[in-house]
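Take the sequence shown: its letters are residues 1 to 359, numbered as in UniProt numbering.
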Amino acid sequence: MPDSALRLFGQWVTQHPWNEVLQVEDVHTKWSNFISTTSAAFHHYFPAKSVTVHPSESPWMTHRIKRLIKQRNWVFHTCPIQYMKLRNKVIREIKIAKASHYPNKIHQLKLTNNRQWYDKIKDLCCLQKQSSPFLHTSHLPAEAAADKMNSHFVTICQTFRPLHPSSLPAYLPAPALLQLSIPVAITSIPSLICEDFVFDWAYTKISSSLDIQQFGNIRAISTSPSLVSFLDFIHSHLDKWNTSLAVAFVDFKKAFDLVDHTVIINKAINLGLPFHLTAWLAEFLTGRRQAVHFQRHTSSYQQLTFGIPQGTKMGPLCFLILINDALTNIPHCWKYVDNCTVGVSLDNKHPDYSVLKQR
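Here it is in structure tokens:
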């Protein structure tokens with residue numbers, strides 16, 4: 001409520017003669033006249049305002065924040081100083097609204113409805129149950145259901161041909177040496193120990209050649225440097241006058257399942273991986289099998305010709321080798337394993353989106 005309206009309403013309360021209340025003897029009539037008089041005055045000094053609420057709006061959004069955002073957008077092109085003040089004010093108001101909305105709502109639900117409180121907690125934490133993609137297997141016996149699930153998973157990695165050493169023109173050593181290697185099909189404890197040694201060895205050899213824009217699966221680097229670099233890019237460019245940003249977020253579909261082994265070996269050779277490690281890596285990827293364990297039943301094993309094994313130390317390293325030369329010609333790019341973010345600063349008068357269209 002505006003302060004001016006409150007002052008006018010207070011003046012009316014003190015200056016009104018209240019004859020319709022004081023000159024009546026009946027108590028019920030007095031109360032009825034008092035309610036009707038004060039209600040009419042209230043609606044006069046505080047008229048109702050309609051506020052449009054969109055379903056997609058955040059639950060903490062208020063009319064005050066909307067008004068401030070509208071004022072901020074209005075002065076964006078006319079007064080930079082006023083825009084900065086309103087922008088900071090909008091940020092403060094949003095923080096206050098969030099800090100008061102969520103704790104109050106959760107606390108109120110906990111006091112009134114424990115089930116809704118628990119559902120709200122799961123919703124905020126993105127822990128809602130997802131429907132199973134294999135509901136159509138419920139009528140099958142457990143063994144048949146396991147085979148059907150395994151066939152579904154394997155079809156993704158069987159659409160391409162397996163690794164062919166003969167198709168690698170720069171391959172070292174000769175293909176005959178691969179035939180003498182022991183296949184790594186089941187990741188047993190000795191295999192894990194061996195893989196740990198090979199990973200450290202291979203990472204040491206190629207770490208200096210890895211893209212500096214890659215923040216995932218890199219030693220001593222995590223999501224924090226990536227977010228700091230990305231936020232610094234956003235704030236440093238948005239503070240510039242007559243400038244806006246365009247950002248594209250890319251997430252590769254089935255990134256680890258649709259990896260060509262031949263491409264990985266070629267890129268590993270180009271990165272300078274020694275030939276004996278290249279041979280070990282080729283054998284590590286070749287001849288892998290997969291099965292599904294479902295309700296105490298294990299499906300039959302099926303061969304995989306594509307993809308890299310997840311849950312191993314060499315799997316992420318293989319993907320780093322694969323994606324290492326992607327988007328290297330774009331100045332503002334952040335890669336985190338199979339996720340890529342590309343940003344470009346635009347002149348509002350002559351925006352150029354060509355960087356986002358590059359392949």
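Here a beta-carbon is modelled for each residue, glycine too, at the ideal position from N, C-alpha and C.
First and last residue of the uninterrupted alpha helix (DSSP H) at residue i
i, result
"V247", "No alpha helix (DSSP H) holds V247; the beta strand (DSSP E) holding it covers T243 to D251."
"D257", "No alpha helix (DSSP H) holds D257; DSSP gives it neither H nor E."
"S36", "V27 to Y45"
"I206", "I189 to I206"
"D232", "T223 to L238"
"Q310", "Note, Q310: premise wrong, no alpha helix (DSSP H); not H, not E."
Nonlocal neighbours in the same chain, by C-beta distance under 7 Å from residue i, ignoring five residues either side
i, result
"P173", "With a pLDDT of only 49 at P173, under 50, the local geometry of the prediction cannot be trusted, and the value read off the model is given with reservation. Excluding sequence neighbours, P173 sits near F275 and A279."
"S226", "F215, W334 and Y336"
"A185", "Only weak support is given to the placement of A185: the predicted model assigns it a pLDDT of 39, under 50, and the value that follows is read from those uncertain coordinates. Contacts found: G287, R288 and R289."
"H237", "T243, L245 and S345"
"residue 360", "The question about residue 360 has no answer, for the chain in this structure spans 1 to 359."
Residue from the options whose Cα sits closest to the Cα of residue i
i, options, result
"E283", "H261, Y118, H293 and L271", "H261"
"F153", "A326, H237, Q302 and C318", "Q302"
"C79", "W241, W117 and S39", "W241"
"I308", "R296, T298, I321 and S299", "I321"
"K349", "I96, H77, E25 and C318", "H77"
"K85", "S39, T328, P103 and R72", "R72"
"F249", "V21, L68, C340 and D123", "C340"
"V259", "E93, L285, I269 and H235", "L285"
"Y83", "K70, K95, E93 and Q213", "K70"
"A48", "H54, K313 and S39", "S39"
"N88", "H16, A268, I265 and H235", "H235"
"L304", "H297, D257 and H293", "D257"
"C318", "N329, N33, V263 and G343", "V263"
Residue range of the beta strand (DSSP E) that includes residue i
i, result
"S345", "N339 to D347"
"C333", "C333 to Y336"
Residues of its chain near residue i, where Cβ-Cβ distance is below 6 Å and the 5 sequence neighbours each way are ignored
i, result
"K98", "W60"
"P316", "N217"
"K253", "none"
"V24", "K30"
"P103", "none"
"S299", "A146, D147, N150, A291 and V292"
"K110", "W117"
"D251", "N339"
In DSSP terms, what residue i is bridged to
i, result
"R288", "L304"
"T298", "H293"
"residue 360", "Residue 360 cannot be examined here, being either before or after the span of the chain that is shown, 1 to 359."
"Q214", "K335"
Own chain residues within Cβ distance below 8 Å of residue i, not counting five before or after
i, result
"Q11", "none"
"D347", "N242 and T243"
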